[in-house]
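Peer 1:
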Amino acid sequence: MTMATRIIIVAAAAMLAAFPARAATTTYAASVFSQTNVNNATNALFSADGGAALILAGGELVLQYNNPLTGGGVAATLLPFAGPAANFVTVSVGEIIGGVATFSAGSLAFADMGAGGVQNFDLSALCSTVSATGCSLLRIQNVASFGTPGVLIDGVSGVTNAPEPAAWALMMLGFAGIGWRLKEAKKRTTKFARKTGFSRALA
9 MTMATRIIIV
19 AAAAMLAAFP
29 ARAATTTYAA
39 SVFSQTNVNN
49 ATNALFSADG
59 GAALILAGGE
69 LVLQYNNPLT
79 GGGVAATLLP
89 FAGPAANFVT
99 VSVGEIIGGV
109 ATFSAGSLAF
119 ADMGAGGVQN
129 FDLSALCSTV
139 SATGCSLLRI
149 QNVASFGTPG
159 VLIDGVSGVT
169 NAPEPAAWAL
179 MMLGFAGIGW
189 RLKEAKKRTT
199 KFARKTGFSR
209 ALA
């Protein structure tokens, strides 16, 4: 292997390791960061399973994710309740900066009329005002409830940038290097066999 080839391989590996991943992967809240006026807060963690956290009127639930969210593709699964009733809910994102939970100045609002289902949000603009690397906190506030104790949240998913593509690229580069080395070794063995007269044994 020439020195130029080695430099190109090292430069390619360094570039692949340095580029940020851009693959979107769905992730679920891993822990409850904080709560106020919430019953069964841990039922909002992970994927929807039929058990919900009840955020009472004036209550707030802050969920924490292991990987920062992009802000796009946030989906909250709501459980239905008997009506006529309504909850007025706001959702915002945040990040822990310097040990302090910092949230977006704005939020998205929606009315939960008791039908249940999935409520989708795009919080990417709000997330970009807090952190350039993503937001690991999601705050759900029940501003007011009418005819019901509160909103029933059964799992909240978001989109995160996963590191897998860079790892796969490095692995493929490694396999290519191993294949090239094996090919070179075979060439040397064949060349040696021809020089020494063992070419019939190899054929």
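In terms of the numbering used here, the sequence shown opens at residue 9 and continues consecutively.
We treat Cβ as the ideally placed atom computed from N, Cα and C, and that holds for glycine.
Please look up how many angstroms separate the CB atoms of residue 144 and residue 186, rounded, as I've assumed it's under 8 Å.
Peer 2: No, residue 144 and residue 186 are not in contact; Cβ-Cβ is about 38 Å, not under 8 Å.
Peer 1: Alpha carbon to alpha carbon, how far is residue 69 from residue 151?
Peer 2: 12 Å
Peer 1: Measure the beta-carbon distance from residue 167 to residue 64 and round it to whole angstroms, keeping in mind my assumption that it falls under 8 Å.
Peer 2: The C-beta distance from residue 167 to residue 64 rounds to 29 Å, too long to meet the 8 Å contact threshold.
Peer 1: Hey, residue 71 and residue 164: beta-carbon distance below 8 Å or not?
Peer 2: yes
Peer 1: Could you compute how far the alpha carbon of residue 197 sits from the alpha carbon of residue 183?
Peer 2: Cα-Cα distance, rounded: 21 Å.
Peer 1: If you follow the alpha helix (DSSP H) that residue 133 is in, where does it begin and where does it stop?
Peer 2: 132-138
Peer 1: Quick one: is residue 84 buried, meaning 16 or more other Cβ sit within 10 Å of its Cβ, or exposed?
Peer 2: Buried.
Peer 1: Grouping DSSP H, G and I as helix and E and B as strand, with all else coil, what is residue 168?
Peer 2: strand
Peer 1: Buried or exposed, going by whether 16 or more other CB atoms sit within 10 Å of the CB of residue 89?
Peer 2: Counting of Cβ neighbours within 10 angstroms places residue 89 among the buried residues, the total reaching 16 or more.
Peer 1: Quick one: any contact between the stretch 91-103 and the stretch 115-125, if contact means 3 or more CB pairs under 8 Å?
Peer 2: yes
Peer 1: Which whole-angstrom value is the C-beta distance of residue 91 and residue 155, which I expect to be below 8 Å?
Peer 2: 7 Å
Peer 1: Does DSSP classify residue 49 as helix, strand or coil?
Peer 2: helix
Peer 1: Would residue 113 and residue 41 be called neighbours here (beta carbons separated by less than 8 Å)?
Peer 2: no
Peer 1: Just to confirm before moving on: does the CB-CB distance between residue 102 and residue 138 stay below 8 Å?
Peer 2: yes
Peer 1: Write down the C-beta distance between residue 130 and residue 57 rounded to the nearest angstrom, noting that I regard them as a contact closer than 8 Å.
Peer 2: Not quite, the Cβ-Cβ distance comes to about 25 Å (not below 8 Å), so this is no contact.
Peer 1: Quick one: what's got a C-beta closer than 7 Å to residue 75's C-beta in the same chain, skipping five residues either side?
Peer 2: 35, 168
Peer 1: Give me the residue from 38, 153, 10 with the minimum Cα distance to residue 146.
Peer 2: Of 38, 153, 10, the residue nearest in Cα terms is 38.
Peer 1: Tell me which same chain residues have a C-beta within less than 6 Å of the C-beta of residue 153, skipping the five on either side of it?
Peer 2: 65, 95
Peer 1: Where residue 19 and residue 193 are concerned, what is the direct C-alpha to C-alpha distance, given to the nearest angstrom?
Peer 2: Distance between the alpha carbons of residue 19 and residue 193: 24 Å.
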